[in-house]
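Asker:
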Amino acid sequence: MRLESGAGLRASATDEAYAAVGAEITDAAGALGCDLVLKVRSPSADELTRMKPGAALVGMLDPFNREGLTALAAAKLTSFALEAAPRTTRAQSMDVLSSQANIAGYKAVIMAADRYQKFFPMLMTAAGTVKAARVVILGVGVAGLQAIATAKRLGAVIEASDVRPSVKEQIESLGGKFIDVPYETAEEKEAAEGVGGYARPMPPSWLARQQVEVAKRVAQADIVISTALIPGRAAPTLITAEMVKAMKAGSVIVDIAAGRGPNGGGNCPLTVAGQTVQVHGVSIIGETNLPALLAADASALYARNVLDFLKLVLAKDAAALNVPMDDDIVAACLMTRDGQVTRS
C-alpha cells in the first residue's frame, strides 16, 4: 500500500504514523500509479495522465459531472463515486454525503458564532439582560439537523425551513421550530415528499409562499445558515438580495451551498465562493469546503466510508478487484468501466 507523502498532515496524521502500520511513503506519481487509487475528489487532468489504464478509482467523483466522467472513461479507469450510493440502511456506513454534511452543519454554526459580535445564549447579568441569538436554518438535511443541534447547544432560538413535511418532527425534537408553509395542491405535496431522501424542485406557487414566510424570519434573524442542495442541479436561491438588505446590520449568513448555485453563488446570489463578504452590513460566509476545516474528523469518517465500500469489491487477499453488479451499492456507485461511462 502506498501513501502520497504529506497526505495526512492536515488531519494530524504524519508519514511516520502511516509507515508504522505498513504504508510505503511515496510521491504523488507513485501513489497515482497504483492498481487501486483512493482519493477524496476526482483527479485533475494532470493526475489522470499519471494513472494507469485498467486501474480502479474510488472517491467523491461528482456523478452528475458528465465531462468529468467522460475523462475518467477515456483514461480507461474503473471508477466508483461514493456519492451515488443508495440511501438504504445497508449503505449507511458508506454514505459520504451524510458523514461530510454532518461536519459542515457543525462547522457552519461555529463559524457564524465566531463572526457574530454578540452572545448566542440569553444571559442575565448585573449589567443587564442579553437576548439569545435568533438562528434560521434553511434546508434540513443532515447538515441542517446538525446545525440546529449545535446552535441549540449554544443557547440560540432556532427556526428551520424545508420543503419536506417529514422533517417537522426532527426539527422539534432538537429544540427548533418548523416554519410551516401548507401545501395547496396534490402536485405540491407529491414534490415535497422527495426521492430517496433528497428534496425535489418545488412548484413555483409553493416557492413563492415559502419565500414570503422565510423573508419574515430572515429579517428578524441574527444568523442564517442555508444548506439546500438538489443532486444534479444548481442550488436553489433561498435568500434573495432583497432579504439580505432587510436584515439587521451585524447579522451573519453561512451559505453551505457556496459555489454550487447560479453564477457561482449559493443559496444566496450575493455569496462569493471561497470568501467572506459584507453586504448591507451583513457578513456572508462562502466557505466551499467546510469539512476540510475539521480535517481530522472529516478524514476519519471518510476513511470508514471508503473502507466499508472496499469490503464489497475486495475479497481478503484478493489479487484483483471484484465488481459484483448484482450488488445494488456497487452497481449504483460504478461510473466508468472498460472505457465507457456506465452511469445513465
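Here the sequence shown is numbered in full-length UniProt numbering, starting from 1 and rising by one per residue.
Where is the CB? At the ideal position from N, CA and C, for every residue including glycine.
Bear in mind that the values here come from a model prediction, so they are computed numbers and not experimental data.
1) For M124, count neighbouring C-beta atoms within 10 Å of its own C-beta (all shown protein chains included) and say buried if the count is 16 or more, exposed if not.
2) When the Cα atoms are used, what is the spatial distance from V306 to L97?
3) Identify every run of the beta strand (DSSP E) within the segment 2-61, keeping only runs that are complete inside it and at least 3 residues long; order them along the chain.
4) Straight-line CA distance for M94 to N322?
5) Quick one: what does DSSP say V254 is sitting in, helix, strand or coil?
6) Bridge partners for R66 per DSSP, in chain order?
7) Going by beta-carbon coordinates alone, are I103 and P291 separated by less than 9 Å?
8) Find out if the Cβ-Cβ distance for the pair V135, V167 is shorter than 9 Å.
9) Between which residues of its own chain and P203 is the CB-CB distance below 8 Å, once the five residues before and five after are set aside?
10) Write down the C-beta distance between P43 and M335 rounded to the nearest angstrom, noting that I regard them as a contact closer than 8 Å.
11) Following the continuous alpha helix (DSSP H) through S99, name the residue where it begins and the one where it ends.
12) Once you ignore the five residues that flank L312 on each side, which residues in its own chain have a CB closer than 8 Å to its CB?
13) Please report the Cβ distance between M51 and G30, rounded to the nearest whole angstrom; I am assuming they are in contact, meaning their Cβ atoms lie under 8 Å.
14) How far does the alpha helix (DSSP H) with V282 in it reach, from first residue to last?
15) Would Q275 be called buried (16 or more neighbouring beta carbons within 10 Å of its own) or exposed?
16) Give a yes or no on whether the C-beta atoms belonging to A147 and T227 are separated by under 9 Å.
17) Using the rule of at least 16 other Cβ atoms within 10 Å of the residue's Cβ for burial, across every protein chain shown, is D27 buried or exposed?
18) Where do the ends of the alpha helix (DSSP H) carrying F309 lie?
19) Name the DSSP bridge partner or partners of T125?
20) Sort out for me which residues DSSP pairs S226 with in a bridge.
21) Taking 9 Å as the threshold (C-beta atoms), are A101 and V142 in contact?
22) Any idea if A84 is buried or exposed, counting beta-carbon neighbours within 10 angstroms, 16 or more meaning buried?
23) Ordered along the chain, which non-local residues of its own chain (more than five positions away) have a Cβ less than 7 Å from that of R343?
24) Along the chain, where does the alpha helix (DSSP H) that runs through E159 open and close?
25) Looking at the secondary structure, which residues open and close the beta strand (DSSP E) in which A81 lies?
26) On a Cα-Cα basis, can you pick out the residue from A300, L238 and G6 that is closest to E213?
27) Note down, in chain order, each residue of its chain lying with its Cβ closer than 6 Å to the Cβ of D15, except the 5 sequence neighbours on either side.
28) Take I110 and list the residues in its own chain whose beta-carbon comes closer than 8 Å to its own, dropping the five residues that flank it on each side.
29) In the DSSP assignment, find the beta strand (DSSP E) that holds V279 and state where it starts and stops.
30) So does N267 have its beta carbon nearer than 8 Å to some heavy atom of the ligand GTP?
31) Taking the alpha-carbon positions, what's the T288 to L61 distance?
32) Between which two residues does the alpha helix (DSSP H) carrying L334 extend?
33) DSSP on K177, reduced to helix/strand/coil?
34) In angstroms with no decimal places, state the Cα-to-Cα distance between I256 and A108.
35) Taking Cβ positions only, does M202 come closer than 9 Å to chain D?
36) Tell me which same chain residues have a C-beta within less than 7 Å of the C-beta of A295, skipping the five on either side of it?
Answerer: So, from the data block:
1) exposed
2) 12 Å
3) 2-4, 24-26, 36-41 and 56-60
4) 18 Å
5) strand
6) Its beta-bridge partners do not exist; DSSP assigns none.
7) yes
8) no
9) T185, E187, E188 and A191
10) At roughly 13 Å, the Cβ-Cβ gap does not stay under 8 Å, so P43 and M335 are not in contact.
11) V96 to R115
12) P324, D327, I329 and V330
13) Their Cβ separation, rounded to whole angstroms, is 12 Å, which puts M51 and G30 out of contact at 8 Å.
14) Per DSSP, V282 belongs to no alpha helix (DSSP H); it is in the beta strand (DSSP E), V282 to I285.
15) exposed
16) yes
17) exposed
18) A295 to V313
19) G128
20) L138 and D255
21) yes
22) buried
23) P63, L69 and M335
24) Taken as a continuous stretch (DSSP letters only), E159 belongs to no alpha helix (DSSP H), being part of the beta strand (DSSP E) at V157 to S161.
25) T78 to A81
26) L238
27) S5 and I25
28) T150
29) T276 to V279
30) This structure does not include the ligand GTP; it has no bound ligands of any sort.
31) 16 Å
32) Looking at the DSSP string, L334 is not in any alpha helix (DSSP H); the run it does join, the beta strand (DSSP E), is L334 to R337.
33) strand
34) 7 Å
35) Absence of chain D from the displayed structure is noted, only one protein chain being present.
36) R10 and A11
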